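Numbers 646 to 1065, taken from the numbering used here, label the letters of the sequence shown in order. Report on one structure; see the data block that follows.
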Amino acid sequence: MRLFIYNIIVYLILPLTIIKLIYRGIKNKDYLRCWAERFAIYPRNGKSIWDKRKTLWIHCVSVGETKAIFKLLEELQKKYPQAHFLITNGTPTGKKVVLPQNKNIHRSYLPYDANTLVKKFLNFYKPTVGILLEKEIWPNFITQCNHRKIPLLLINGRLSNKSVTKYLRFKKFYAPLLNKLAKICVQNISDKQNFEKLTSHKVHVMGNLKFDQTPPKDTKKKAKIIKNNLMINDQVVIVAGSTREGEEGIIIDQILAMNMKDITLILIPRHPERFLKVEHILKSKNLKYVKRSKGSLLKSTPNFILGDSMGEMYMYYELANIVILGGSFFDYGSQNPIEAIKMKKPTILGPSIFNFKDIIINAIKSGSAVQINHINELPAIIKKLCHLKTQSLMIKNSEKFISRSEGSSNKALKFISQYF
């Protein structure tokens, strides 16, 4: 009955998704592409390759999740060289992430969770096993896979205290769904405890796949080119990574208050549709800035750079002396700190960390990151982190922290191999 009500709501909302795609498409043209995939419209003659071999389907909603499967996907390909791998995404930025080149790796958007669309998707691709990442709990996909006896695993699962409170309000709806999953594998003990509040299913701790990520091979080369083009030599480079609405302005103000001429601030908004808005903020403050997308050779070093590109976060962090992590100064719950710490960069976070609470607390305890309670504390902590002794210590702490946290891809591989 609850699933029936859910489906009524889904079908009522479904026409509105077209309006939403068009609206988002005004700022990002990629939302206007590949609608057939989003609505499960497939070619009639395209079934043959899916009928012949085993297919492992992995759903990664966006950029972070897609990058997180790199190591796991490599290991899966080694173990199952004849298998097909279907990687689905929910966002254009996720789909644009470059994966290893292999004729057996296929990309698509995941259709909306409407019953008829889900059936079409499963009929066309015929996955042998399905993998959902983090907290992609889609009722119709779970129900249909269970009905067809397709093992569906939740890998790299996470559920914050804030999220579990919302899920508990609808426990009678979510508990039966979670019980239909073949396996639930989560990042840490806190996630395990939260999932166990919702399901009688045995929950396994596997660690976080994102710790197994490695920077692209050309990261240092690209960073060197940018450094030369932008005349960055002895400046303190501060990267504000994955910033959210409202954060850029207050970070800029604190940097200006320091009145240090040898600082270069690189601002990288979390969402590409905000690039123009952040540029307006820089203009409104009458600041001289350059855009990464222009990338031409300069005669002098800019104090402000707008990182208006996607998929280059490792390159930006390679340039940095200090990282300020976005999403942590207002109630966004922070972005993931792993990339910055992986690059051994002293990392500053604000008070809001609920999305990655356990990782961040452990990073702070290890001495790999520092947290401030208010944006006004930023100048003092930056000055402290500018000291070479402090930087050197944090780099060593980061190396130890990352080393202790790696290895989750191998654990995930063992869980998947039980079904594939």
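Cβ atoms here follow ideal geometry from the backbone N, Cα and C, with glycine treated the same way. Since the structure is predicted, the reported quantities are computational estimates derived from the model, not experimental observations.
- Between G886 and K862, what straight-line distance do the alpha-carbon atoms span, to the nearest angstrom? A straight-line Cα-Cα distance of about 21 Å links G886 and K862.
- At a Cβ threshold of 8 Å, is Y770 touching chain B? The question asks about chain B, but that chain is absent: this structure has only one protein chain.
- In this structure, what does DSSP give as the bridge partners for I686? Looking at the DSSP output, I686 bridges to nothing.
- Message: Just to confirm the assignment, what range does the alpha helix (DSSP H) spanning I1047 have?
- Response: Per DSSP, I1047 belongs to the alpha helix (DSSP H) from L1033 to S1050.
- Message: Does the structure place the segment 832 to 841 close enough to the segment 989 to 1003 that three or more beta carbon pairs sit under 8 Å?
- Response: Output reads yes: the segment 832 to 841 touches the segment 989 to 1003.
- When DSSP labels each residue in this structure, what does A681 get in the three-state scheme? Helix.
- Which runs of the alpha helix (DSSP H) spanning at least 4 residues fall entirely within the segment 790 to 831, listed in chain order? Correct list: 806 to 813 and 816 to 824.
- Message: Comparing C-alpha positions only, which one of T992, E893, L777 and P1024 sits nearest to A1014?
- Response: Per the Cα distances, T992.
- Task: Measure the C-alpha to C-alpha separation of H729 and L798 and round it to an integer number of angstroms.
- Result: Their Cα atoms are separated by approximately 17 Å.
- Strand pairing of Y934, partner residues [DSSP]: Answer by DSSP bridge pairing, in chain order: F949.
- Starting from the C-beta of G739, find all residues in its chain whose C-beta is less than 8 Å away, skip the five residues before and the five after it, and write them out in chain order. C705, V706, S707, V708, E710 and T711, listed in sequence order.
- Message: On a Cα-Cα basis, can you pick out the residue from N1055, S1062 and K930 that is closest to K855?
- Response: Sorting N1055, S1062 and K930 by C-alpha distance to the C-alpha of K855 places N1055 at the top.
- Can you round the beta-carbon distance between L910 and N948 to whole angstroms, since I take them to be within the 8 Å contact cut? Right, the Cβ-Cβ distance comes to about 7 Å (below 8 Å), so this counts as a contact.
- Message: Quick check on S753: does DSSP put it in helix, strand or coil?
- Response: The three-state secondary structure of S753, taken from DSSP, is strand.
- Check the DSSP bridge columns for N734 and list the partner residues they point to. Its beta-bridge partners are Y754.
- If L970 sits next to L994, beta carbons under 8 Å apart, how far is it from one beta carbon to the other, in whole angstroms? Yes, L970 and L994 are in contact; Cβ-Cβ is about 5 Å, under 8 Å.
- Query: For T888, which residues does DSSP report across the bridge?
  - Reply: Among the bridge pairs identified by DSSP, T888 is matched with P914.
- Item | Length of the line joining the Cα atoms of G852 and R1049 | Cα to Cα, G852 sits roughly 10 Å from R1049.
- In whole angstroms, what separates the C-alpha of P917 from that of R669? Approximately 11 Å, taken between the alpha carbons.
- Query: Per DSSP, which one or two residues make a beta bridge with I967?
  - Reply: DSSP lists I883 as partners of I967.
- Message: Quick check on the burial criterion: 16 or more other C-beta atoms within 10 angstroms. Buried or exposed for F815?
- Response: With fewer than 16 other Cβ atoms within 10 Å, it is exposed.
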